[in-house]
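J.: Below is a structure I'd like to ask you about.
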Amino acid sequence: MTENFPLYLIILLPLLGAALNLLFGRRFGNTFVSVVACSAVAGAALVATKAVLLVASELPARGALVDQLVSGDWIVAGDFKLQAGLMLDRLSSVMVMVVTWIALLIHIYATGYMEHEPDFARFFGYLNLFTGAMLILVLGDSLPVTFVGWEGVGLASYLLIGFWYHEDKNATAGRKAFIVNRIGDFGFLLGICLLFTVVGTVKYADFGSIAGRLMTPWWMGWPVGYWIAILLFVGCCGKSAQIPLYVWLPDAMAGPTPVSALIHAATMVTAGVYVVARCHTIFDTFPEAAKMTVAGVGALTALFAATIGIVQRDFKKVLAYSTVSQLGFMFVGVGTGAYTAGVFHLMTHAFFKAGLFLGAGSVMHAMGGEGDIVKMGGLGKHMPITRWTFFVYCLAIAGIVPFAGFFSKDAILAGTFAAEFRMSTQMTGAQAHLVALYPKLLWGMLATAALCTAFYMWRLYFVVFTGKFRGTEEQEHHLHESPMSMTLPLVMLAVGSVLAGLIGVPAVMTHGLPESLEHVLTFFNHWLSPAMVPASPEPHEHWLEWALMGGALTISLCGIGLAAALYRGGISETAENLKDKLGFAHKLLWNKYYVDELYDFLLVRPLRRVAVILWKVVDNLVIDLGLTKIGPYIVDSLGALVQRFQNGDVQRYIIAVMVGAAGILFGSTYWLAYQGIQGEVKVERRTVTLKLGDARMRPGQLIYAIDWDGDGKFDDTNVRFNSELKHEYGNAGQFKIVVEARDPVWNMVKRSDDWFFGASTPLSAKVE
Amino acid sequence: MGMILPIVTFLPLVGALLCLALPREEEHIHRGVGIGTALVTFCASLFLLSGLEPTKMNHVVDFAWVESLGIRFRLGIDGISVWLVLLTTFLMPIVFLSTWSAISDKVREFVIAALILETGMLGAFLSLDLFVFYVFWEVMLIPMYFIIGIWGGDQRLKAAIKFVIYTMVGSLLMLIAILYVVVKAHQVTGQWSFALETAQKLVLTKTEQIYLFLAFALAFCIKVPLFPLHTWLPLAHVEAPTAGSVILASVLLKFGPYGLIRFAIPVFPHAVETVAPWLAILAVIGVVYGSCVAYAQDDVKKLIAYSSVAHMGFVVLGLAMLNSRSVNGAIYQCLAHGISTGGLFLCVGVIYERRHTRKMAEFGGLWKRMPVFAATLLIFTMASIGLPGLSGFVGEFLVILGTFSAKERAFDGMPAIFENARLLSAFAATGVVLGAVYMLWLFQRVMLGPITNPQNRKLTDMTPRETVVMLPMLAMAFWLGICPNTFLQHIDPAVTQTLIQFREKYSAGAAEGDARMLGDSAKAKVEEPTAPGGNP
C-alpha cells in the first residue's frame, strides 16, 4: 500500500541550503550561513519526522509513502524506462531519522567547531550538499536513484576530506577516497546492469516478486542472484569501507572532525549496510553463498580493523579503524540474515560513534589541533562534559548493559551464533559440516573483535582523560571546555547512546513486564521484520541466549579491565614493555599490516607505469611511427621506384614504353573478350535466341564459339560477330550455355563460365 | 517554416560575407558580427524544436542542384540531428565570446573562418544527400585547418597538416564509397540519385557492404577518433587555440558517431553484423587505453584530449551494440561530452591566457586565488567523470547498461553477434574508475595543494566576460544531468525508428549477385528473424 507525500521537501531543503551557502554564503557572513544550514537540515528533519510518524501510524507494515519527482519517466531509452521517485517505508524511515537528526546535531556542533574557519560558507554548503545526497540515497525508490545519492555523497565526501585543500596530504586523501569508492561503484553499476538484464526491473517495489527469476543458473554454476548480490556488495565494500576497499576511510580523517563524525562514522559509510538490507531479496537467493560472502567479509573486516585499532596513536585514526570494525559487525548482521540486528546496530552506532568523533573534535579543539593521544592525558578535569559524555559512548561501544551498543551488538552476536546458511542439499557430509560450523566461526571472530573493541576504546579513554597531561605547557594553559554549541550535541548524543538501545531489547529480557512497556522495549524487533525483512535468527533455547549475552558482557568487561590495567592513570610501564616484547606483531599492527604499501606496490605504481609506457611506446612509437611513417614510406618508396626509371637511359625508356603498350593491348583484349560474351537469352518454345552483347570498341573482330547444351563440345564454331543467334533444341530441359570468345590477333580466349572474367550471370536456357 | 533549414545553415555564411565587406581594422565590429551572427543562428535554430516529429525528417527542403547526376540540395532534421545542431549553434556564440581577448591577430579572418566552419557543420548535420553531405564535410575541414594553422601554438603547422591528412584519407575513401553506391543504385534503378533515401533502399551483397562500410567507417572513426586512429587528436588539441579545441572536441568529433548512425549503419546493415564486434572491441580498448594514457600526461590539454578518446570510445561502443539503450546512450554521450569537454577546454583557456603555459607542474593551489574558477572546473571535472546529476552520467550509464544487456535483450531480429558483450561492458566500466583517476589527478595538480610557483600568487579570478562564457555551459551540464528527458524525448523515438529501419533492411537479407532495391518484392527474399530477443 502506498500513499503520496511530498517527500521531495526532505531532500530539497538541504540542497537549497547548499546552493544558497555556496553561491552567496561568503557575502552574507557566518551567522547567515549557520542559520541557513541548520534550518535547512532542521526543516528536513521535521518533515521527515512527520512522514515517519505517518508511516508508523497510518500505513501497514509493508506500506510506503511515495513521491514521484519527475512526472512520467526520468530516463527513457528504448525498453529501459526509469522513473525518478522517492519512497519512505519502514526501512528507509530508520535511515532518514538517523540521517536528519544526527546531521542536525552535527551541523549545530560545527557552527562552534568551525567558527574561526575563513571558508565557513563553503564548509556548510558541502555539509548541506552531503545531507541532501544522503537523503536521496536512502529515499530513492530504485537502485539507479539510490546510485545518484550514492555518488552525491561520494562527491561531498571528496570535497570535505580535502576541505583544507592547501595541504597536499588532504587533497590526496580526498582523491583516494573518491577513487576507491569508484572501484566499488564499478561493481555496483554492473550489478544494476545485471539486475536489469535478467529481471527487467530495478525498482525496490518490484523486488518482492523477483526471487524466482534470481534463481536462474548463470555463471560458474551459481544463480544469477548470487552474482548480482556480489556485484552490489563490491559497491557496498567501497562505500562502507570493508576489506579490500577499506583503505580510504582511515585517510579520510584528514577532513574536519564534524565531517568524520557525520559522513565517515554515522551516515554515509552505513549506506552499504542499508543497500544490503534493502536488496535482501537478492542476497537471500538460494543457495545463500552471497550471504556467506557478506558475513565472511564483515567478520574478517571487524577483526582485522579492531586489531589495528589497538596500537594506533592518532585519536581519529583509532576511531576510524573502530568504524571500519563496527561496519564489519553490521555486515555480519545482514549477512547472516539478521537484517533487523544489522540495521539496529547501524542506528545505535550512529549515536555513539558520532558522539565519539565529536568528543575527539572537542578534545582536539582544546589541544589546538593536536591529535596524538600520547601527548594528551588528564584532560578529564579540564573538560568534564566532554569526558563524561565520552565515558558514556565508550560504555556503549564496548557493549555494557544497558547502553545502546550492548543490545545491538548482542543481537548480531546471537543472530550469528544461531544462523544457518541454506546451501545445496547435495553437499557431502564434510561440506555440510563446514557450512554448519561457519556461523560459529564468524561468532568467534566477532567475539574477538569485541574484545579488541572494548580494549582500544578504553585505552583511548584512559590515555586521554586520566593521568597527567603530557603535552606542552602552552597547550595545557589553553585547555578549556568547548562552547555550548559543541557540548549540547555531545550531551544529546550521549542521551541517545543510552536510550537508543532500549527499543530493541531481546524478548527473553522482557518476559513478565507489563505489556505496554514490553511493546516499547521490543519496538525495533517488530518494526522491520517480518514484513520488511526476514526475522533475525534467534537461538531456540533461552539459556543459550542468556549465556551468549553473559559471554558478550564478560568479553567486554575483560577488554575494559585489560585497558584499565595498562593505561589507567596514564601509559603504564607494563604497556611500554609489552609493546617491546610484541616486537614484530606490534610493528605489523602499527603499520596497518602494510596494506597501503601493498596496494601501492601492486596497483598504484604499476598503473602509473603502464600509463607512461602506453603513451610513450604505443602512442608515440607504434602508432605514430607506424601509421604516419608507413603511409609516407609507401609513397616514398613508390617514388624511389619510379625514380629509378628516370635515369636518362633511353633504351630503358623504350623498353618501358613497349612493356606498357603491350600491357595495355593485352589488358584491353582481355577486357573486350569479356565484354563480348555478355549475352541475353530468349526462349520461345524450343527455339532459343542468344543475343550477344555489344563489343563496342572492336565490333566484328572477335570469333565466337557456342556450346548450347553445356556438354563441353562447341556446337557452333567460327561464329562471327552477330547480334542474334538461334538454336533449336531437340528435347525439353534446362541447358547451360557456354560462349567462347576468341581474339584472333592475340589468340586470347575467354569463356562465359570463367570464374573471374565470365558473364556476371551464367547463361542458361530452360526449354519446355 | 519551410525554409528554416537553409536559413539556419547559411546564416553564418551571410555573417562571414558581411565581415568581408567591413574594413579589416575594426576588430571589435568583426567580433560583434561573429557573436551576433552566432546568436541569431542559435535563436533561429531554437525554432527547429517546436513541433518536431522525431521519427521523420522535418522541414525538408529539396532543390535540384546538378540535375544530370541526380544531385539535389536536400536538407532535413530528425530527433537525432536536432540536438547535435542545437549543440553546434549553442556553442558558437560561446566560442566567439571566449576568444574576445585570446585572439587579437587577424580577427576578421578568424571570424570568417569560424562562421564558414559553422555553416559547414550545420550543413553536414542536416544534409540528406550524400553529395551535399560530402561537400559540407569538406567545407568544415578547411577553416579548421586555418584555425589550427594560423592561430595555434608553436607546432601549429605540423598539427594542422596531420589533422588534414588524417581527415582527407578518410574522406577520400568515403567519396569512393559514395560513388560506388550511387553507381550501383543507377544500375538497379536506371536513375542517378545521391539521396540518402536511395542508398538506404539499395541492397548490396555482403562483401560489397563490408568494403563500403569500412570505407565509410574509416572516415567516421578517424573523426571520432577511434583507437588506433586517434593520434592526430592530442596534437591538434594542444596546438589549436581554445576556440579551435572547443569546436573540435564539442562538435567536430561528433560527426564520427553521427555519420555511423546516419549513413554507415543503416545503409550497410549486413556489414555491421560482421564489423560491429570489431568496432566494439576497438572502442573498449579506446576507453581503457585513452584513460591510461591521459593519466600519463603532464600537459593539461593533452590530458583532456586523451580523455576525449576514452569518452568517445563509449559512444562507438554504444553504437556498435545496436540496441535502443546503448544507441540512445551513445547519442546522449555525444551531447554530454560536447558540454563537459568543451567546458574543460574553456577552463584551460582561462588559465592559459593568464600564464601562457599548459604544464600541470606550473600550476598548483590555484583554488586559493581563483575560487569561482575552481568551482567551474570542479563541475566540469565531475561532469566528465560521469557524476549523476551532471551531464556525463546518463550517457555512460545507458551505454554500459545497453552493452551489458546486448545479448539477452537484443533488439528484435538483431543478429546475436555479441557473445561477450558483458565482458566488453565490464571493461568499459573500468573507464568509470580510470576517469576519476586522471581527472582528479588533474584537478589536484592544478587547483589543490599549496601555491608553489610564485607567478601563481598574482592570478586573478575569472572576469565577468569569462563567467558569462561559462554560465550557459554550466547550466547545460546540470540540465543534461537532471532532465535527460528533455533530450531523450526526441532522441529515443528517432533512435528506435533508425533501428527498426536497420532491422527491416537486415532481415530482408543481403543481395546475392545483383544489387536490388529494398521493397522490390519480386526479388526480395523474405526471411523471418530467428534470433531470440526481447522487445524493440
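As you go down the protein sequences, you meet chains C and G in turn. Position one of the first sequence corresponds to residue 28 (the numbering used here), numbered consecutively onward. Position one of the second sequence corresponds to residue 22 (the numbering used here), numbered consecutively onward. Note that beta-carbon positions come from the ideal geometry of N, C-alpha and C, so glycine has one too.
Measure how close the beta-carbons of Ile-168(G) and Ala-261(G) come, nearest whole angstrom, since I'm counting them as under 8 Å.
T.: The Cβ separation is near 7 Å, so the contact holds.
J.: Does any heavy atom of the ligand COA sit closer than 7 Å to the C-beta of Asp-676(C)?
T.: No copy of the ligand COA occurs in the structure displayed, which carries no ligand at all.
J.: Measure the C-alpha to C-alpha separation of Val-794(C) and Val-715(C) and round it to an integer number of angstroms.
T.: Approximately 8 Å, taken between the alpha carbons.
J.: Does the beta-carbon of Thr-424(G) have 16 or more other beta-carbons within 10 angstroms, so that it is buried, or is it exposed?
T.: Label assigned to Thr-424(G): buried.
J.: Hey, would you say Val-103(C) sits closer than 8 Å to Cys-313(G), going by beta carbons?
T.: Cβ atoms of Val-103(C) and Cys-313(G): not closer than 8 Å.
J.: At what residues does the alpha helix (DSSP H) containing Pro-244(C) begin and finish?
T.: Not the alpha helix (DSSP H): Pro-244(C) falls in the beta strand (DSSP E), residues 244-246.
J.: Can you give the beta carbon distance from Val-267(G) to Lys-323(G), rounded, assuming they're within the 8 Å contact cut?
T.: In fact, because the Cβ distance is near 16 Å, the residues do not count as touching under 8 Å.
J.: Have a look at Leu-217(G) and Ala-792(C) and give me their C-alpha separation to the nearest angstrom.
T.: One C-alpha to the other measures close to 38 Å.
J.: Short of 7 Å in beta carbon distance, which residues of its chain neighbour Arg-53(C), apart from the five on each side in sequence? Order them along the chain.
T.: For Arg-53(C), where only same-chain residues beyond five positions count, the Cβ hits under 7 Å are Ala-148.
J.: Determine whether the beta carbon atoms of Trp-213(G) and Ser-192(G) lie at a separation below 8 Å.
T.: Not a contact, by the Cβ cut-off of 8 Å.
J.: Is there a C-beta anywhere in chain G that falls below 8 Å from the one on Arg-632(C)?
T.: Chain G contact via Cβ: absent.
J.: Going by DSSP, what residue range makes up the beta strand (DSSP E) through Phe-356(C)?
T.: From DSSP, Phe-356(C) is part of no beta strand (DSSP E) but of the alpha helix (DSSP H) over 342-362.
J.: Considering only their Cβ atoms, is the gap separating Gly-470(G) from Ala-91(C) smaller than 8 Å?
T.: Contact flag unset, no.
J.: Residues of chain G with CB under 7 Å from Phe-223(C), in chain order?
T.: Per Cβ cutoff of 7 Å: Leu-422 and Ser-426.
J.: Please check the pair Pro-516(C) and Leu-385(C), which I expect to be a contact at CB under 8 Å, by giving their CB distance rounded to whole angstroms.
T.: Confirmed, Cβ separation roughly 6 Å.
J.: Exposed or buried, what is Ser-202(G) when buried is set at 16 or more other beta-carbons lying within 10 Å of its beta-carbon?
T.: Rather than Ser, the amino acid found at residue 202(G) in this sequence is Val. Val-202(G) is buried by the Cβ-count criterion.
J.: With a threshold of 8 Å between beta-carbons, can Ala-198(C) be considered close to chain G, or not?
T.: For Ala-198(C), the answer is yes, since a Cβ of chain G falls inside 8 Å of its Cβ.
J.: Between which two residues does the beta strand (DSSP E) containing Arg-769(C) stretch?
T.: Note, Arg-769(C): beta strand (DSSP E), 765-770.
J.: Going by C-alpha to C-alpha distance, which of Ile-98(G), Trp-253(G) and Tyr-353(G) sits closest to Leu-67(G)?
T.: Comparing Cα-Cα distances from Leu-67(G) to each of Ile-98(G), Trp-253(G) and Tyr-353(G), the minimum goes to Ile-98(G).
J.: Tell me whether Lys-77(G) sits in a helix, a strand or coil according to DSSP, three-state version.
T.: The answer is coil: DSSP assigns Lys-77(G) none of H, G, I, E or B.
J.: Using a beta-carbon distance below 8 Å, is Tyr-310(G) in contact with chain C?
T.: It does: the Cβ of Tyr-310(G) has a partner Cβ on chain C nearer than 8 Å.
J.: In chain order, which beta strand (DSSP E) runs of at least 3 residues are fully inside the segment 273-299 of chain G?
T.: If we require 3 residues or more, the segment 273-299 of chain G turns out to have no beta strand (DSSP E) run fully inside it.
J.: So for Thr-226(G), helix, strand or coil by DSSP?
T.: Three-state result, Thr-226(G): strand.
J.: Can you check whether the C-beta of Glu-429(G) is within less than 8 Å of a C-beta belonging to chain C?
T.: Judged by the 8 Å Cβ criterion, Glu-429(G) is in contact with chain C.
J.: Roughly how many angstroms lie between the CA atoms of Met-558(G) and Met-494(G), to the nearest whole one?
T.: Outside the displayed range of chain G (22 to 557) lies residue 558(G), so it cannot be described from this structure.
J.: Which value, in whole angstroms, describes the spacing of the CA atoms of Trp-254(C) and Gly-334(G)?
T.: Those two C-alpha atoms are separated by around 27 Å.
J.: Within this structure, are the beta carbons of Ala-381(C) and Ile-133(C) separated by less than 8 Å?
T.: In contact: Ala-381(C) and Ile-133(C) (Cβ atoms closer than 8 Å).
J.: Am I right that Leu-419(G) and Ser-347(G) are in contact with their C-beta atoms under 8 Å? What's the rounded C-beta distance?
T.: Their Cβ separation, rounded to whole angstroms, is 7 Å, which keeps Leu-419(G) and Ser-347(G) in contact under 8 Å.
J.: Does Gly-690(C) pass the burial test, meaning 16 or more other C-beta atoms within 10 Å, or should it be called exposed?
T.: Its Cβ having fewer than 16 others within 10 Å, Gly-690(C) is exposed.
J.: Alpha carbon to alpha carbon, what distance is there between Tyr-232(G) and Gly-534(G)?
T.: Taking the straight line joining both Cα atoms gives about 16 Å.
J.: So which of Val-293(G), Val-393(G) and Val-454(G) has the shortest CA-CA distance to Ser-528(G)?
T.: Nearest option by C-alpha distance: Val-293(G).
J.: Taking 8 Å as the CB-CB limit, is Arg-537(G) close to chain C?
T.: Arg-537(G) does not count as touching chain C.
J.: Would you list, in chain order, the members of the segment 380-410 of chain G that have their beta-carbon closer than 7 Å to a beta-carbon of chain C?
T.: Per Cβ criterion, the list reads Gly-386, Trp-388, Lys-389, Met-403, Leu-408, Pro-409 and Gly-410.
J.: Measure from the C-beta of Tyr-626(C) to each C-beta in chain G and report whether the shortest distance is under 8 Å.
T.: No, because no Cβ of chain G sits closer than 8 Å to the Cβ of Tyr-626(C).
J.: Please classify Gly-141(G): is it buried, with 16 or more other beta-carbons within 10 angstroms of its beta-carbon, or exposed?
T.: It is buried - the Cβ of Gly-141(G) has at least 16 other Cβ atoms within 10 Å.
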